[in-house]
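First the structure, in the form of structure tokens, and then the observations on it.
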Amino acid sequence: MPETLLHIKDLSVRFFTYQGVVRALEEVNLAVLKGEILGLVGETGCGKSVLARSVLRLIADPPGKIWRGEIFFKGENLLKMSSRRLRHIRGNEISMIFQEPMSSLNPVFRVGNQMQEVVMLHRRVGSAAAREICIDMLRQVKMPDPDAVLSKYPHELSGGMRQRAMIAMELSCRPELLIADEPTTALDVTVQAQVLSILEELTRKKDVSVLFISHDLGVIAQLCDRVAVMYAGRTVEVASVWDLFSEPRHPYTRGLIRAIPRVDEEREILAVIPGVVPGLIRPPKGCRFHPRCEAVMHPCDRVTPRLVEVAPGHQVACHLYKESGEEHDADTRH
Amino acid sequence: MAKAAFQFHEIPDWRQTTFHADSHPYDRLPLMRILTYILKRLVYLIPVLIGVTLLVFVISHAIPGDPARMMAGQKASREAVENLRRSLGLDRPLPEQYVHFLTGLFRGDLGTSIRNQRPVLDDLKDFFPATLELTLMSMVLCIAVGLPLGIISAVRRNRPVDHISRVFSVFGVSMPVFWLGLMLLLLFYRNLGWLPGSGRLAVATDPPLHVTGLYLIDTLLEGSWDKFGDAFLHMILPAFCLSYVYLAIITRIVRSSMISVMGQDYITTARANGLAESVIILKHSLKNSLIPTVTITGLSIGELLGGAILTETIFNWPGMGKYVVDSVNFLDFPAIMGFTLVVSFVYVMINLLVDVLYAFLDPQIRY
Amino acid sequence: MKRIRKEREWQIRELMFTIKLLSKNPSAVAGFVIIATMVFIAVGAPYIAPYDPIKISLRERLSPPSPVHIFGTDEMGRDILSRVMHGARISLRIGVLVIAIAGSLGAAIGAVAGYLGKQADNIIMRIMDVILSFPPLVLAMALAAALGPNLNNAILAVAFVMIPKFARMVRGEALAVKEKQFIAAARASGAGSLWIIFHHIIPNCFSSVIILATLLLGETILIAASLSFIGLGAQPPTPEWGAMISVGRKFLMDQWWYPTFPGLFILMTVIGFNILGDALRDIFDPRIRR
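Protein chains in written order, with this note's numbering: chain G, 1 to 334; chain L, 1 to 367; chain P, 1 to 290.
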């Protein structure tokens with residue numbers, strides 16, 4: 001039984017804006033196991049990025065505040081540790097890559113300068129040794145002519161190359177956990193494939209656990225061992241990738257999977273989930289999905305469902321299910 | 001759920017081809033690229049400089065009234081005026097006069113002052129060091145105070161320090177420089193008696209041996225410590241007065257560009273990599289904020305030359321500014337036009353310098 | 001016809017929205033209050049000033065501030081408060097005239113340059129660059145000296161200096177608007193260039209022009225006062241603020257009130273315009289207008 005590397009417990013994050021308090025995350029529970037690639041999937045605005053940034057305490061305060069909860073990493077609570085200890089962990093034991101390679105690197109410094117800075121900080125080596133490490137990492141991400149890349153500025157590299165450089169930089173200090181916030185969303189599909197393949201190869205080889213965030217179910221299916229589905233600031237389903245796609249339990253997950261057009265199926269109308277994602281200043285009471293749910297029933301609009309285990313390794317937050325798999329009788333509305 | 005097997009191969013990306021080290025001979029020498037950039041900027045500037053001379057020429061020759069009479073002075077006889085007109089070539093057609101004017105400029109001839117019958121150029125050369133010293137000191141003050149204040153304001157946004165500096169900025173931008181000088185004199189010279197009220201040195205003191213013309217340096221070179229102290233004390237109020245407006249502007253620019261930079265993704269990356277906050281501010285953010293800051297600072301130097309006019313008058317500082325104000329009172333047009341020409345040339349050159357500096361700071365500009 | 005009416009309705013609604021946003025912004029309100037006060041003083045000066053600004057009373061010369069003369073008197077015994085109030089008239093008049101001239105000319109030049117593009121744009125903007133190559137006060141000084149030291153010439157001189165600032169801004173906006181669809185539509189239906197420039201391009205730049213005008217009003221008043229201070233604008237005994245400071249300078253040491261109050265009013269007025277201009281700029285920022 002692999003051990004838990006990262007344990008997010010009852011995390012709530014709020015943003016205080018002129019229009020009101022945005023409850024971006026509400027009592028989120030999630031665990032990343034050692035050696036696995038955990039996917040985090042959900043629509044834009046469901047809180048995946050907020051969750052990712054909360055781990056390393058990168059939420060801008062103001063206007064955001066980590067309201068409640070704990071995040072345990074190898075036994076320590078990341079939310080309560082000193083800034084000095086946190087800085088030791090950032091980039092070193094937990095690394096993060098972001099969505100926009102265009103803007104994630106400082107445009108006025110050379111790529112080599114930025115990479116070496118991180119390596120020299122965490123691995124405590126001189127600049128010559130750091131340079132060697134960077135070149136080696138660039139080779140591992142299959143970057144042509146690593147020597148030249150180090151003296152380039154970010155704008156001189158293409159998007160795919162920038163993202164690969166980011167991966168190289170973030171893995172250079174041998175972290176145990178890598179948080180990847182939609183790393184390929186901003187890239188062309190062809191480049192996307194290359195980057196994903198490199199990511200998978202390297203993390204498996206180095207035994208790095210990955211929290212992989214995406215809104216693309218196809219990518220998730222390809223890459224991840226387990227998947228967590230988020231909706232409107234809450235986790236609604238967690239399962240192995242096989243179980244999730246073959247037996248989705250939560251109505252939202254079902255809707256998502258149904259909405260994927262398949263090559264081998266004949267369908268006339270694109271299946272959609274009716275309604276829109278709710279605003280998070282005054283979210284729906286009870287289960288946040290209930291206004292759009294096809295299986296909505298009595299307690300859904302009043303009681304928030306908690307994540308319960310309905311099968312080994314498969315958790316759902318839905319009133320349809322009791323612990324260990326029984327389905328309630330659903331009086332569906334229509 | 002078969003994993004799609006993608007062949008790993010590089011899609012030829014046209015942008016990749018530019019970075020092979022020997023693709024373009026110029027890439028071996030980044031100096032070449034910078035030089036071509038400077039050359040391009042110079043070529044753009046030449047028409048502007050010509051335009052400047054043309055404008056000054058038009059102003060000075062479109063003066064309603066008779067330029068020859070004005071040069072000769074109100075009391076000269078008609079004959080003397082006609083002689084002057086002929087000798088100055090003022091009876092020739094305008095374009096010819098302009099060419100004559102331009103060639104004169106190349107020779108360094110800016111005309112002759114009516115007041116003291118000396119070449120304007122010599123007058124300006126005499127008064128230039130005083131203005132230079134004042135302007136340099138003000139610039140130093142602007143940067144030494146404005147930069148840290150702007151950074152602190154940005155980092156401690158919306159806290160008390162920020163509010164104070166923003167109020168200070170508004171006052172700075174709205175301040176009539178000549179009035180500020182008077183108020184400073186009132187407070188520090190008349191009421192408190194801490195600082196002297198006029199000139200560069202105490203009355204009846206001999207200036208130091210002329211090496212640079214900058215008293216602060218010359219007194220040190222000479223070893224006269226008390227003169228240095230005296231010169232320094234005389235410098236304080238005028239420098240502060242002159243710098244006040246631009247200090248406010250620079251603080252504002254630094255603050256707003258730092259705020260905008262610190263909201264960027266690459267700063268989040270740096271933070272996520274565990275870099276210390278001081279490094280993030282002073283290395284990663286600052287260099288990006290410098291670009292607009294340098295631009296405004298450069299432009300400010302030009303404006304300082306303009307503001308020096310008022311400050312030098314208030315504090316009786318014997319520089320070019322005071323010279324031109326005295327010339328205005330005398331309606332000494334050659335002097336006024338000569339000053340205007342010189343100042344605008346300097347302004348244009350400083351802008352060129354700023355552009356070049358830009359290229360060094362922002363790697364995306366070099367082409 | 002109906003289309004024009006709908007356009008007017010939309011414009012009025014935009015205006016109401018802007019005013020509502022402004023009233024919620026504390027600095028906008030502060031700036032507006034200051035300016036409104038100055039305007040009130042300026043307009044009302046002949047009626048509410050306690051004394052005649054040019055009435056000489058040598059008995060009372062150089063008397064300090066007192067209940068009789070709140071700001072004291074000058075070297076001719078004239079009441080400084082009354083003179084300062086009349087000075088507001090003059091300064092505001094200068095500001096409005098300068099901005100009106102520079103704004104309309106500059107906007108027209110910029111719109112033409114931006115719309116015509118390429119060569120015409122190049123030439124026009126180079127000319128503007130030439131004017132911008134001078135520090136504003138220096139150029140205004142040279143012009144005012146050449147034209148002759150009086151108030152109207154000073155107005156022309158400062159207006160000349162301000163024109164390129166408007167031209168540059170409107171040209172930028174014109175370049176952007178030019179690409180929009182409705183311009184092509186207008187041209188397709190046969191509208192002439194001049195008509196397009198005046199009916200489509202300029203109205204779209206309106207808000208930016210207003211912001212720039214407000215900010216430059218402050219700078220104008222400063223430059224005009226500086227010119228008078230040097231001796232090139234309003235001439236004594238005109239109660240213009242800069243001119244008063246120029247004369248009052250001689251009396252600084254023993255009659256501090258003389259140059260102090262006019263300068264204070266310059267400061268306040270310019271602050272008012274700058275604060276209001278800044279607030280306007282923030283409000284019109286597209287990120288804030290939802």
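By construction, the Cβ of each residue, glycine as well, lies at the ideal position given by its N, Cα and C atoms.
Excluding the 5 residues flanking Met137/G on each side, which residues of the same chain have their C-beta closer than 7 Å to its C-beta?
Counting from 1 along the first sequence, the entry for residue 137/G is found at position 137. Excluding sequence neighbours, Met137/G sits near Ala168, Leu171, Ser172.
Do the region 18-37 of chain G and the region 259-276 of chain G meet, that is, are 3 or more Cβ pairs less than 8 Å apart?
no
List the residues of chain L that Tyr18/G touches, going by C-beta distances under 9 Å, in chain order.
What you label residue 18/G is simply residue 18 of the first sequence in a count that begins at 1. Within chain L, no residue comes near Tyr18/G; the closest Cβ sits about 14 Å away, beyond 9 Å.
Could you give the distance in angstroms between the alpha-carbon of Trp194/L and the alpha-carbon of Arg200/L?
Taking the first residue of the second sequence as 1, we reach residue 194/L at position 194. Taking the first residue of the second sequence as 1, we reach residue 200/L at position 200. Computed Cα separation, rounded: 15 Å.
Using Cβ-Cβ distances below 9 Å, what residues of the region 172-196 of chain G are close to chain L?
Cys173, Ile179, Asp188, Thr190, Val191, Ala193, Gln194, Leu196
List the residues that DSSP assigns as beta-bridge partners of Gly39/G.
If you number the first sequence from 1, residue 39/G lands on position 39. Phe212/G, Val227/G, per the DSSP bridge assignment.
Could you check which residue in Asp181/G, Val310/G, Trp67/G has the C-alpha nearest to that of Ala272/L?
Along the second sequence, read from residue 1 onward, the residue named residue 272/L stands at position 272. When each option's Cα is compared against that of Ala272/L, the closest is Asp181/G.
May I ask which residues mark the beginning and end of the beta strand (DSSP E) holding Ser12/G?
Residue 12/G sits at position 12 when you count from the first residue of the first sequence. Residues 4-17.
Below 9 Å between beta carbons is the criterion; list the residues of the region 243-270 of chain L that meet it against any residue of chain G, in chain order.
For the region 243-270 of chain L, which is checked against every Cβ of chain G, the residues closer than 9 Å are Gly263, Gln264, Asp265, Tyr266, Ile267, Thr268, Thr269, Ala270.
Any Cβ of chain L within less than 8 Å of the Cβ of Ile54/P?
As a position in the third sequence, residue 54/P is number 54, starting the count at 1. Taking Cβ atoms only, chain L never reaches closer than 8 Å to Ile54/P, which makes this a no.
Taking the alpha-carbon positions, what's the Val238/G to Pro183/G distance?
By 1-based counting over the first sequence, the position of residue 238/G is 238. By 1-based counting over the first sequence, the position of residue 183/G is 183. Answer to the nearest angstrom: the Cα atoms are 21 Å apart.
Please classify Ser198/L: does DSSP put it in a helix, a strand, or coil?
What you label residue 198/L is simply residue 198 of the second sequence in a count that begins at 1. It is coil, neither helix nor strand.
Buried or exposed by the 16-neighbour rule on C-beta atoms within 10 Å, applied to Ile198/G:
On the first sequence, position 198 is the one that residue 198/G refers to. By the neighbour-count rule (16 or more Cβ atoms within 10 Å), Ile198/G is buried.
To the nearest angstrom, report how far apart Pro312/G and Ser49/G are at their CA atoms.
Translated into the one-based positions of the first sequence, residue 312/G becomes position 312. Translated into the one-based positions of the first sequence, residue 49/G becomes position 49. Distance between the alpha carbons of Pro312/G and Ser49/G is about 28 Å.
State the DSSP-derived secondary structure class of Ile99/P, mapped to helix, strand or coil.
Start at 1 with the first residue of the third sequence, and residue 99/P comes out as number 99. Helix, per DSSP.
Going along chain L, which residues have a C-beta under 9 Å from Phe289/G?
Reading the first sequence from its first residue, position 289 is the one you call residue 289/G. None at all; the shortest Cβ gap to chain L is about 26 Å.
Would you mind telling me which residues of chain G sit closer than 7 Å to Ala276/L, beta carbon to beta carbon, in chain order?
Taking the second sequence and counting its residues from 1, one reaches residue 276/L at position 276. Under the 7 Å cutoff, chain G gives Arg87.
For Thr190/G, count neighbouring Cβ atoms within 10 angstroms of its own Cβ and tell me buried if that reaches 16, exposed if not.
To locate residue 190/G, count along the first sequence from 1; it is residue 190. Classification of Thr190/G: exposed, given that the 10 Å Cβ count is below 16.
Where does the unbroken alpha helix (DSSP H) through Ser158/G begin, and where does it stop?
As a first step, residue 158/G must be located in the first sequence, where it is residue number 158. From DSSP, Ser158/G is part of no alpha helix (DSSP H); its letter is neither H nor E.
Asn150/P - partner residues in DSSP beta bridges:
In the third sequence, residue 150/P corresponds to position 150, counting from 1. BP columns for Asn150/P are empty, so no partner.
Outcome for Met183/L when other beta-carbon atoms lying within 10 angstroms are tallied against a minimum of 16
Reading the second sequence from its first residue, position 183 is the one you call residue 183/L. Looking at its Cβ environment, which holds 16 or more other Cβ atoms inside 10 Å, Met183/L is buried.
According to DSSP, is Ser240/G part of a helix, a strand, or is it coil?
Taking the first residue of the first sequence as 1, we reach residue 240/G at position 240. Of the three classes helix, strand and coil, the one that applies to Ser240/G here is strand, per DSSP.
Taking CB distances under 8 Å as the criterion, tell me whether Gly286/G reaches chain L.
Counting from 1 along the first sequence, the entry for residue 286/G is found at position 286. It does not: the Cβ of Gly286/G has no partner Cβ on chain L nearer than 8 Å.
Name, in chain order, the residues that DSSP records as bridge partners for Lys65/G.
Residue numbering aside, residue 65/G sits at position 65 when the first sequence is read from its first letter. For Lys65/G, which the question treats as bridged, DSSP gives the partners Arg14/G.
Give a yes or no on whether the minimum CB-CB distance between Met139/L and chain P is below 8 Å.
Stepping through the second sequence from its first residue, residue 139/L is reached at position 139. At a cut-off of 8 Å between beta carbons, Met139/L makes no contact with chain P.
Using CA atoms only, rank isn't needed, just tell me which of Lys55/P, Val270/P, Ser66/P, Ile34/P is closest to Gly172/L.
On the second sequence, residue 172/L is found 172 positions in, with the first residue counted as 1. Selected option, being the one with the closest Cα: Val270/P.
Taking a cut of 7 Å between CB atoms, which residues from the region 189-200 of chain L lie near chain P?
Residues Arg190.
Where does the unbroken alpha helix (DSSP H) through Ala311/G begin, and where does it stop?
Counted from its first residue, the first sequence places residue 311/G at position 311. Taken as a continuous stretch (DSSP letters only), Ala311/G belongs to no alpha helix (DSSP H), being part of the beta strand (DSSP E) at 308-311.
With H, G and I counted as helix, E and B as strand and the rest as coil, what does DSSP make of Gly44/P?
Locating residue 44/P in the third sequence gives position 44, counting from the first residue. Helix at Gly44/P.
For the region 153-171 of chain L, which residues have a CB atom closer than 7 Å to at least one CB atom of chain A, in sequence order?
Absence of chain A from the displayed structure is noted, the protein chains being G, L and P.
Might you give, ordered along the chain, the residues of its own chain that have their beta carbon closer than 6 Å to the beta carbon of His314/G, omitting 5 neighbours on each side?
For this step, residue 314/G is matched to residue 314 along the first sequence. Contacts found: Ala239, Asp243.
According to DSSP, is Met96/G helix, strand or coil?
Start at 1 with the first residue of the first sequence, and residue 96/G comes out as number 96. In this structure, Met96/G counts as strand in the three-state DSSP scheme.
Endpoints, alpha helix (DSSP H) assigned at Ala193/G:
Here the question's residue 193/G lines up with position 193 in the first sequence. Start and end: 189-206.
Using a Cβ-Cβ distance under 8 Å, would Lys40/L count as near chain G?
In the second sequence, the residue the question calls residue 40/L occupies position 40. No - not a single Cβ of chain G is within 8 Å of the one on Lys40/L.
Residues near Phe360/L in its chain [Cβ-Cβ closer than 6 Å; skip 5 each side]:
What you label residue 360/L is simply residue 360 of the second sequence in a count that begins at 1. Same-chain partners within the cutoff: there are none.
Whose Cβ in chain G lies nearer than 7 Å to the Cβ of Leu282/L?
If you number the second sequence from 1, residue 282/L lands on position 282. Those do not exist, as Leu282/L stays about 13 Å from chain G at its closest Cβ, beyond 7 Å.
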